[in-house]
Amino acid sequence: MSRILLLLSQRENRRLLMECLSQRHQVIVPEAEPTALKADSQWFDWGSFDLGILDGPMLTYLGAAVQAQRNAIQPIFLPFILVTSRSAVGMLTADLWQSVDDVILTPVDKRELQARVEVMLRSRELSLQLKTANDRLIELNELKTRFISMASHEFRNPLTAIVAATKLLEIDDLPRDRKLRFLQIIDDSAKRMTHLLNDVLVLTRGELTTKQFRPALVDLAEFCQNLVMEAQLSAGENYTVELISPTHPIVYADVDLLRHILSNLLSNAVKYSPDGGTVSLMLTVQPDTIQFQVKDQGIGIPPADQEKLFESFHRAANVGKIPGTGLGLSIVKQCVELHEGQITVESQPNQGTTFTVLIPVDPVTTASH
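Going by our numbering, the sequence shown opens with residue 26, and the numbers climb by one from there.
Okay, structure coming up:
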């Protein structure tokens with residue numbers, strides 16, 4: 026409900042306008058008489074209303090304060106309507122006219138008043154939407170600038186490794202074990218670059234088309250088992266990647282989004298467990314949600330870093346030389362939100378980490394077999 030501030034010097038006019046506007050809007054009247062307000066003080070919260078209505082005496086008294094505040098909050102539009110008689114219109118100075126956006130002549134026609142109020146409120150709402158869009162655009166531009174800087178650095182390392190390993194493989198009498206080692210370096214570097222590119226694509230999708238959501242029927246146990254097998258192959262012999270799922274739920278879900286969520290969490294669980302160990306993906310069916318938990322025995326996350334863990338480019342203080350961009354969990358959170366879900370983390374340094382993802386599902390579309 027829109028909020029309208031009445032600054033009228035005559036009580037009867039305040040009563041009539043309150044009666045006319047209060048059915049569709051929240052009408053605010055200062056506790057003190059408007060004529061007792063000080064023009065040079067913060068006599069009310071400028072953010073507490075969407076439209077101001079004043080008369081000639083109040084405009085003369087408070088016009089400078091009104092205009093100063095309107096200038097201060099640009100480009101947000103804070104409209105004011107002047108209620109005055111036809112004879113008084115010509116007595117207002119040019120400076121005072123800068124403080125109002127529309128005029129209603131007395132005696133006030135109720136339908137005309139309501140129409141003009143709606144036009145002003147719609148203009149304000151559009152200005153708020155524009156401000157939000159502009160702020161988001163600034164944020165995205167800053168994010169892309171930081172990403173370009175980061176990506177140029179992150180791509181350089183694997184590219185250098187690929188070029189160096191390729192040159193060494195050209196040596197004719199290179200021992201087989203060294204050839205295999207250099208091939209592994211090329212493969213690992215290519216995977217790092219692929220992962221980074223996937224992050225770029227998902228980040229772009231999440232920022233620019235946040236309503237993009239394509240659900241389809243999926244057997245979650247089979248889907249998760251495939252992800253676990255892929256993670257096991259990438260992790261190597263020092264790790265055990267397991268799936269714990271007592272049922273085979275079939276739900277409507279966006280497979281691409283789930284793949285990004287779980288692949289990132291499994292990849293992080295392995296990456297931040299440099300000494301190896303067990304990584305578990307636990308799948309639990311609840312009445313109206315599906316719960317995924319990814320648990321590792323790795324380095325953990327310091328409490329001070331957990332609050333900012335899902336912000337783009339943020340990395341925990343204890344990661345050391347473990348490579349990463351700080352984008353993975355930000356992307357995971359965007360994907361979870363596209364599913365209208367929630368993600369939480371429980372972790373202690375050197376004791377491992379558990380990420381919990383809750384995805385709402387329609388019970389009608391959930392089955393077991």
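Using N, Cα and C, we set each Cβ at its ideal position, and we do this for glycine too.
{"Check": "Cα-Cα separation, V133 to I286", "Outcome": "59 Å"}
{"Check": "E11 - partner residues in DSSP beta bridges", "Outcome": "This structure gives no information on residue 11, because the portion of the chain shown stretches from 26 to 394."}
{"Check": "is_contact[S292, chain B] using C-beta, thresh 9 Å", "Outcome": "No chain B appears in this structure, which consists of one protein chain only."}
{"Check": "S292 versus Q316 - alpha carbon distance", "Outcome": "18 Å"}
{"Check": "Three-pair Cβ contact test at 8 Å for the region 253-269 versus the region 288-308", "Outcome": "yes"}
{"Check": "C-alpha gap between D80 and A113, whole angstroms", "Outcome": "10 Å"}
{"Check": "Sheet register partners of Y264 (DSSP bridge)", "Outcome": "G302"}
{"Check": "Sequence-distant residues of the same chain with beta carbon closer than 6 Å to T265, five excluded per side", "Outcome": "T303"}
{"Check": "Touching by the beta-carbon criterion (3+ pairs, under 8 Å), the region 34-47 and the region 137-157", "Outcome": "yes"}
{"Check": "S66, DSSP secondary structure in three states", "Outcome": "Note that S66 scores a pLDDT of 48, beneath 50, so its modelled location is shaky; the value from the coordinates is reported in the next line. In this structure, S66 counts as coil in the three-state DSSP scheme."}
{"Check": "Rounded distance between the beta-carbons of R39 and L31, thought under 8 Å", "Outcome": "5 Å"}
{"Check": "Under 9 Å between C-beta atoms of L308 and Y277", "Outcome": "no"}
{"Check": "Coarse secondary structure for D330, derived from DSSP in three states", "Outcome": "helix"}
{"Check": "Local conformation of R239 per DSSP, three classes", "Outcome": "coil"}
{"Check": "Same chain, Cβ closer than 8 Å to M116, neighbours up to 5 away in sequence not counted", "Outcome": "G81"}
{"Check": "Closest residue to G366 among K358, I101, P240 (Cα-Cα distance)", "Outcome": "K358"}
{"Check": "First through last residue of the alpha helix (DSSP H) which encompasses R25", "Outcome": "Residue 25 cannot be examined here, being either before or after the span of the chain that is shown, 26 to 394."}
{"Check": "Reference C360, options S259, L221, Q311, F238, closest by Cα", "Outcome": "F238"}
{"Check": "Own chain residues within Cβ distance below 8 Å of R203, not counting five before or after", "Outcome": "L193"}
{"Check": "I356, buried or exposed, once every other Cβ within 10 Å from all chains shown has been counted against 16", "Outcome": "buried"}
{"Check": "Integer-rounded CB distance, given that P104 should sit under 8 Å from D126", "Outcome": "5 Å"}
{"Check": "Cα-Cα separation, L162 to H339", "Outcome": "20 Å"}
{"Check": "Proximity winner among E247, R95, P183, relative to V280 (alpha-carbon distances)", "Outcome": "E247"}
{"Check": "Spatially closest choice to N289 from L352, W122, L84, by CA coordinates", "Outcome": "L352"}
{"Check": "Rounded C-alpha distance that separates A260 from L221", "Outcome": "18 Å"}
{"Check": "Strand pairing of I315, partner residues [DSSP]", "Outcome": "V310, I384"}
{"Check": "Element boundaries [alpha helix (DSSP H), containing L290]", "Outcome": "280-296"}
{"Check": "CB contact flag (F102, R28, <9 Å)", "Outcome": "no"}
{"Check": "Three-state secondary structure (DSSP) of V361", "Outcome": "helix"}
{"Check": "Under the three-state DSSP convention, the category G77 falls into", "Outcome": "strand"}
{"Check": "Span of the alpha helix (DSSP H), counted from its first residue to its last, around V114", "Outcome": "111-114"}
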